[in-house]
Amino acid sequence: METEILHISSTMDTDKIKKAANALQEGKLVVFPTETVYGLGADGRYQETVDKIFKAKGRPGDNPLILHVGREEQVEELVLEIPQAAKDCMIMFWPGPLTIIFNKNPDVPENVTAGLDTVAIRMPSHPIAEAILKEANIPVAAPSANVSGRPSPTKVDHVKEDLMGKVDMIVDGGITDVGIESTVLDVTVDPPMVLRPGSVTVEELKVLLGDVRMDEGLIQAHSKKLPKSPGQKYKHYAPKAECVLFGGNLSNVAKEVNRRIKENPHKKIGVMATTETIEMYQGADLLLNMGSRTDLREVAHNIFDQLRYCDEEGMDYIYIEGFELTGMGAGIMNRLLKACGGKVVLGL
Ligand code: AMP
Ligand code: MG
Numbered sequence: 026m027e028t029e030i031l032h033i034s035s036t037m038d039t040d041k042i043k044k045a046a047n048a049l050q051e052g053k054l055v056v057f058p059t060e061t062v063y064g065l066g067a068d069g070r071y072q073e074t075v076d077k078i079f080k081a082k083g084r085p086g087d088n089p090l091i092l093h094v095g096r097e098e099q100v101e102e103l104v105l106e107i108p109q110a111a112k113d114c115m116i117m118f119w120p121g122p123l124t125i126i127f128n129k130n131p132d133v134p135e136n137v138t139a140g141l142d143t144v145a146i147r148m149p150s151h152p153i154a155e156a157i158l159k160e161a162n163i164p165v166a167a168p169s170a171n172v173s174g175r176p177s178p179t180k181v182d183h184v185k186e187d188l189m190g191k192v193d194m195i196v197d198g199g200i201t202d203v204g205i206e207s208t209v210l211d212v213t214v215d216p217p218m219v220l221r222p223g224s225v226t227v228e229e230l231k232v233l234l235g236d237v238r239m240d241e242g243l244i245q246a247h248s249k250k251l252p253k254s255p256g257q258k259y260k261h262y263a264p265k266a267e268c269v270l271f272g273g274n275l276s277n278v279a280k281e282v283n284r285r286i287k288e289n290p291h292k293k294i295g296v297m298a299t300t301e302t303i304e305m306y307q308g309a310d311l312l313l314n315m316g317s318r319t320d321l322r323e324v325a326h327n328i329f330d331q332l333r334y335c336d337e338e339g340m341d342y343i344y345i346e347g348f349e350l351t352g353m354g355a356g357i358m359n360r361l362l363k364a365c366g367g368k369v370v371l372g373l
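Below is the structure:
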């Protein structure tokens, strides 16, 4: 399949916005930037168009998709009811990086929800995503635009690496802002439950909704319980290199990592550190700064790009510093734990 690349730098490019929206309406696969990561979109009203997403990504059929809308009114046709908690969240966080789980309208195709009775919906705030979705005026099913299992794409080059020749169109809209996928909140249960942590934090949701739970297995390295969000059971976000996550006292972390680097002189080792600690590491083949511990948004923005970069540079191992499990740290640790496939060294 030939993949057309469409550069859209502003919502003033109305011809190009229309072109991307028309392609979606015609049942084509269109990658577009959102404020979280790049999404691989198709018309969410039909089983056949949605099926193309699973094929292009190699995504398991039991991992449901998120429907993206440009207008709040579109939600009504996709769900059975809009609970008060959802109404409050939509006012407060939409458009933005919060996905809400509703009881689904039976018309929503089975493969969108992987046979579940619930449907995930989000309204993105990225101006180009917003403009395309408004223009198309259909629900667009769109998972992250990566081959299943790989780190999510935050730059158009990541998308090209994974999906060139497998999709009809890639809209190049620059680097995404947040860098990790949306927070997923289930409002069909009381109290509401976070099924995937993200940049809308549990603490923020509690301010709005009072009691909010988080599926604790999401930030545990070796949880025995199956996560409530089907997609979370898979190995995810994983680079080709073997990743290990280190937590505890930061100078002890650096000492342990340095010891391992010394012990493995013939392995190429990448280290993902922070502004506060980067000077403490010695002998890494690639030393990357995820950002400052005082600004975890910057860290979230960088992690997927750096995991991919370590692969590009041919690292055998990636040693990564851990973060606190609260606020934005929960979203970052959820992604890093999955990238490490449970290989963690804690309590240093
Ligand atoms: P992705 O679009 O690749 O970020 O993946 C979408 C995520 O949303 C997956 O982790 C899914 O498990 C989650 N998700 C989508 N629909 C539902 C649903 N109905 N119930 C629970 N989680 C869902
Ligand atoms: Mg994904």
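So the sequence shown is numbered by this note's numbering: it starts at 26 and just counts up by one.
The beta carbon of each residue, even a glycine, is placed where N, CA and C say it ideally should be.
Please read these numbers as outputs of a predicted model, since none were measured by experiment.
Between the region 341–355 and the region 287–298, the count of C-beta pairs closer than 8 Å reaches three or more; the two stretches touch. If you look at Tyr344, you'll find it in the beta strand (DSSP E) that goes 342–346. At least one heavy atom of ligand 1 sits closer than 8 Å to the Cβ of Arg221. In the three-state reduction of the DSSP assignment, Ala246 falls in the coil class. For Asn88, the distance from the CB to the nearest heavy atom of ligand 1 is below 8 Å.
When distances are taken from the beta-carbon of Pro58 to the heavy atoms of ligand 2, even the shortest one reaches 8 Å or more. Taking 9 Å as the cut-off, the beta carbon of Lys260 is found closer than this to the beta carbon of Gly174.
For Asn171, the distance from the CB to the nearest heavy atom of ligand 2 is below 8 Å.
The beta carbon of Phe118 sits closer than 7 Å to those of Val225, all from its chain and outside the five residues before and after it, given in chain order.
In the three-state reduction of the DSSP assignment, Ser276 falls in the helix class, which pools H, G and I.
Relative to ligand 1, the beta carbon of Pro255 is positioned inside 8 Å of a heavy atom.
Within the same chain, and ignoring the five residues on either side of Ala279 in sequence, the residues whose Cβ sits closer than 7 Å to its Cβ are Thr302, Met305, Tyr306.
Collapsing the DSSP output to three states places Leu312 in a strand. Separation of the CB atoms of Pro168 and Ile78 is rounded to 6 Å, and the pair is thereby assigned contact status at 8 Å. Note that the C-beta distance between Phe127 and Val165 is not below 9 Å. Here Glu60 is buried. Its C-beta has 16 or more other C-beta atoms within 10 Å. For Ala139, the secondary structure class from DSSP, reduced to helix, strand or coil, is coil. Annotation for Leu103 indicates a beta carbon at 8 Å or more from all heavy atoms of ligand 1. Between Val94 and Met148 the beta-carbon gap is near 5 Å, inside 8 Å, which marks them as a contact. Rounded to the nearest whole angstrom, the C-alpha separation of His32 and Ser207 is 24 Å. Within the same chain, Met115, Trp119, Met148 come within 8 Å of Glu97 by CB-CB distance, once the 5 residues on both sides are set aside. Distance from the CA atom of Tyr63 to the CA atom of Ala266, rounded to whole angstroms, is 23 Å. Counting along the chain, Ala266 sits inside no beta strand (DSSP E), nor does DSSP assign it H or E at all. Contact annotation: Ala145 and Ile205 have beta-carbon atoms that are not nearer than 9 Å. Taken in chain order, the complete alpha helix (DSSP H) segments of 4 or more residues contained in the region 135–197 are 152–161, 181–188.
Taking 8 Å as the cut-off, one finds at least one heavy atom of ligand 2 near enough to the beta carbon of Pro168. When rounded, the separation of the alpha-carbon atoms in Lys250 and Leu243 is 10 Å. Assigned with DSSP and collapsed to three states, Asn327 falls in helix. Here DSSP, grouped into helix, strand and coil, assigns Leu321 to helix. Relative to the Cα of Ala263, the nearest Cα in the group Ala154, Asn359, Ala161, Pro134 belongs to Asn359. Per DSSP, the beta bridge partners of His93 are Arg147, Val165. If the five residues before and after Gln331 are omitted, its C-beta is found closer than 7 Å to the C-beta atoms of Met297, Leu313, Met315, all from its own chain and listed in chain order.
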